[in-house]
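Worksheet for the structure shown next.
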Amino acid sequence: MSHRSRGCLRCRQRRVKCDRSRPSCQRCIARNELCVGYRDEGDLMFQHETAKVVLKSQTSTPSNSSRSNTSKSPRDHRTRSRSVERASESSFSSTASINLPAAFPWLKDQSKTEPVSKDDQIANTFMDKYVLFPCNESSSPGFLEHLPCLFKEVNIEGRYALRFAVQACAFADLSREQSSEELAKRSLEYYGHALSALGQSLAEKNKTPDDYDLMTVVMLDIFETLFIPDSLMTGAHAQGMAHILRLRGHEQFHDPRGWGLFRLAHHRLQKQHLAKQLSPLPESQDWLETLNDNMASVKLEKDGLAINQMCQQANQLLTSIDAGDIEAHHLLDLIDEMLRLDQEATHWRKKPEWSFQTKSRGEILDNRESKLWLPESIQLHPDLWMAYEWNYHRTARIILHQKLVACLVKVNTALPSDSGVTTRITESINTVQLLASEVLATVPQSFGDIDHLGRWHSESKTARWQAVGAYLLLWPTKIIKSQSALTTNSQKEDAQRVFGRIRECTGMKSSLGVLSEI
Numbered sequence: 001m002s003h004r005s006r007g008c009l010r011c012r013q014r015r016v017k018c019d020r021s022r023p024s025c026q027r028c029i030a031r032n033e034l035c036v037g038y039r040d041e042g043d044l045m046f047q048h049e050t051a052k053v054v055l056k057s058q059t060s061t062p063s064n065s066s067r068s069n070t071s072k073s074p075r076d077h078r079t080r081s082r083s084v085e086r087a088s089e090s091s092f093s094s095t096a097s098i099n100l101p102a103a104f105p106w107l108k109d110q111s112k113t114e115p116v117s118k119d120d121q122i123a124n125t126f127m128d129k130y131v132l133f134p135c136n137e138s139s140s141p142g143f144l145e146h147l148p149c150l151f152k153e154v155n156i157e158g159r160y161a162l163r164f165a166v167q168a169c170a171f172a173d174l175s176r177e178q179s180s181e182e183l184a185k186r187s188l189e190y191y192g193h194a195l196s197a198l199g200q201s202l203a204e205k206n207k208t209p210d211d212y213d214l215m216t217v218v219m220l221d222i223f224e225t226l227f228i229p230d231s232l233m234t235g236a237h238a239q240g241m242a243h244i245l246r247l248r249g250h251e252q253f254h255d256p257r258g259w260g261l262f263r264l265a266h267h268r269l270q271k272q273h274l275a276k277q278l279s280p281l282p283e284s285q286d287w288l289e290t291l292n293d294n295m296a297s298v299k300l301e302k303d304g305l306a307i308n309q310m311c312q313q314a315n316q317l318l319t320s321i322d323a324g325d326i327e328a329h330h331l332l333d334l335i336d337e338m339l340r341l342d343q344e345a346t347h348w349r350k351k352p353e354w355s356f357q358t359k360s361r362g363e364i365l366d367n368r369e370s371k372l373w374l375p376e377s378i379q380l381h382p383d384l385w386m387a388y389e390w391n392y393h394r395t396a397r398i399i400l401h402q403k404l405v406a407c408l409v410k411v412n413t414a415l416p417s418d419s420g421v422t423t424r425i426t427e428s429i430n431t432v433q434l435l436a437s438e439v440l441a442t443v444p445q446s447f448g449d450i451d452h453l454g455r456w457h458s459e460s461k462t463a464r465w466q467a468v469g470a471y472l473l474l475w476p477t478k479i480i481k482s483q484s485a486l487t488t489n490s491q492k493e494d495a496q497r498v499f500g501r502i503r504e505c506t507g508m509k510s511s512l513g514v515l516s517e518i
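Anchor point for the sequence shown: position 9 equals 9 in full-length UniProt numbering, and the numbering is continuous, going up by one each time.
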């Protein structure tokens, strides 16, 4: 007589015998996978469910409590197991017909391997595209480098939010590739699960947000940036990220992973503050003062913070001048400080480790035809991250010089006889346009069209780093193409062209923005 298995979901999917250990089966632990629990005894009985009941059960909120099982009633534990299990079962069945690359491409014969769930395979494909690991040779610290390990460390309660957040990004990315509305809807379901699970995790009393909480918010912010860019909630995850950094305090610097996650999260916040002219976090100065200036990533953050602080001072003075509270000549000292700060930031980048090659478009083409847009001048950096750090530095300077021009124009209006002010305005505008050209010069390498030696990538397949390279171009490109930017019309047009390709590579499609209205 046939009967329904009492094993966990993953073992049932693989059709292997489950040892049914509590709280996680040993097979799942050995595979480093999430054991989502077991069926209730009542779930094994015959039951009739209407479509409405099924929908309600699938969207029920998974508990994300990290308290020990001894503090829960059996009923609480069963509720968590069934809700998480059904969300996973639902996604597994809906992705049965999608096209995925081989799970183990390095093996000739994959028939002898244990099957990998499609949900995990989709997540792994996403991480393969967006994660950059550290490189000691070029001093690159990496991007999302801790995500794969955090994603796999799932056999302790309280870490479901991160898995849901990664799966939301992964399904959204795959929906772009396969033009699937069903996958897009699935990504938004995971997004909702992640929000609920994270909320419960952060609501626990006397709990300091852990690495999983912080990485979850980072992934939700990435999801918001790439896949629902027009959402009314834009910036909400950044606020949560800032609050988590405050709660984690200086202790997060005493652990390599904690420091890496701080660097990732704080950098995201600072980019947003610079772009939107928001005041920096009050704690940023204190945090960065404790860090080593000789590290490139620390210096980059300190320069960005100093530029933001200077821009905020300028905004306050400009507001006071417009209100008639002070005279325009009060800006002169600040203008000198802004120029000194720019010179200091520029001087630090003249070290040998920041060197790169510059080639003309003709040298790169070498008598071949290309349908891709290429700038007149092309930069070749040691790796993708070094190109990004240069672009972050350039974009921060663009923001500084644009604010400097605003101050100079105000002074020129009040003191029109000062010819030196007009000269400075011209110099700053020229600097902005030069920096914009240098950012655009990194586009071919960032998209993976060419490598660090200027060699063309195979046209038969996409470069592995194209998606993350496109993502890293997003912020500088938005600043350059802005209508208020002091860049030339030609540069704005080129940046808009680059932005269009970024949308294609990363999945920033308006269709998902419409689907996000849930």
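Heads up, the beta-carbon is just placed ideally off N, CA and C, and yes, glycines get one too. Only a predicted model underlies this, so the values are computations on that prediction, with no experimental measurement involved.
| query | result |
| --- | --- |
| Could you check where the alpha helix (DSSP H) with LYS207 kicks off and where it finishes? | That residue, LYS207, is in no alpha helix (DSSP H); it is neither H nor E in DSSP. |
| Which complete alpha helix (DSSP H) runs does the region 355 to 401 hold, if anything under 4 residues is left out? | 361 to 365 |
| Alpha carbon to alpha carbon, how far is HIS273 from ALA197? Give it in angstroms, no decimals. | 28 Å |
| Answer yes or no: do ALA387 and GLN316 have a C-beta to C-beta separation smaller than 8 Å? | no |
| Please state whether DSSP places CYS8 in a helix, a strand or coil. | coil |
| Nearest to PRO134 by CA position, among ARG10, LEU384, GLN357, TYR160, is which residue? | LEU384 |
| Between the Cα of HIS347 and the Cα atoms of ARG368, ASP322, LEU300, GLY469, which residue gives the shortest distance? | LEU300 |
| Looking at C-alpha atoms only, which residue of SER284, ARG257, LEU374 is the closest neighbour of GLU363? | LEU374 |
| Label LYS403 either buried or exposed according to how many other C-beta atoms from any shown protein chain fall within 10 Å of its C-beta, with 16 as the threshold for buried. | buried |
| In chain order, what are the residue ranges of uninterrupted beta strand (DSSP E) at least 3 long that sit wholly in the region 96 to 169? | none |
| For LEU144 and PHE262, I'd like the C-alpha separation in whole angstroms. | 11 Å |
| Please classify TRP348: does DSSP put it in a helix, a strand, or coil? | helix |
| In terms of residues, what are the limits of the alpha helix (DSSP H) holding SER320? | 296 to 322 |
| Going by DSSP in three states, TRP465 sits in which element: helix, strand or coil? | coil |
| Hey, is the region 390 to 408 in contact with the region 329 to 341, meaning 3+ C-beta pairs nearer than 8 Å? | yes |
| Apart from the five residues on each side of it in sequence, which residues of its chain come closer than 6 Å, Cβ to Cβ, to ASN174? | In the sequence as displayed, the identity of residue 174 is Leu instead of Asn. So the list reads ILE122, LEU183, once near-sequence residues are dropped. |
| Would you check whether the ligand MG has a heavy atom nearer than 7 Å to the C-beta of GLU353? | Judged by which ligands are present, the structure shown has none, so any question about the ligand MG falls away. |
| Under 7 Å Cβ to Cβ from LEU281, same chain only, skipping five residues before and after it: list those, please. | ALA242, LEU269 |
| Please state whether DSSP places ILE480 in a helix, a strand or coil. | helix |
| Would the region 158 to 168 count as touching the region 206 to 220 if we require 3 or more Cβ pairs under 8 Å? | yes |
| Would you call MET295 buried or exposed, if buried means 16 or more other Cβ atoms sit within 10 Å of its Cβ? | exposed |
| What first and last residue would you give for the alpha helix (DSSP H) that runs through PHE262? | 256 to 276 |
| Compare the Cα-Cα distances from GLN343 to each of PRO352, GLY142, HIS393, ASP366 and report the closest residue. | HIS393 |
| How about ILE479 and THR395: do their beta carbons lie closer than 8 Å? | yes |
| Does the separation of the CB atoms of ILE425 and VAL439 fall below 8 Å? | no |
| Where does ILE326 sit, in a helix, a strand or coil, going by DSSP? | coil |
| Whole alpha helix (DSSP H) runs in the region 415 to 450 with 4 or more residues, listed along the chain? | 419 to 440, 443 to 446 |
| Is the region 413 to 424 close to the region 493 to 506, with three or more CB pairs under 8 Å? | no |
| Just curious, the alpha helix (DSSP H) that HIS237 is in, first and last residue? | 236 to 248 |
| From the DSSP secondary-structure annotation, give me the bridge partner or partners of TRP287. | Beta-bridge pairing links TRP287 to no other residue. |
| Here's a check: name, in chain order, each residue in its chain whose Cβ is nearer than 6 Å to the Cβ of TRP259, leaving out the five neighbours to either side. | PHE253 |
| Measure the alpha-carbon distance for ARG176 versus PHE227 and round it to whole angstroms. | 10 Å |
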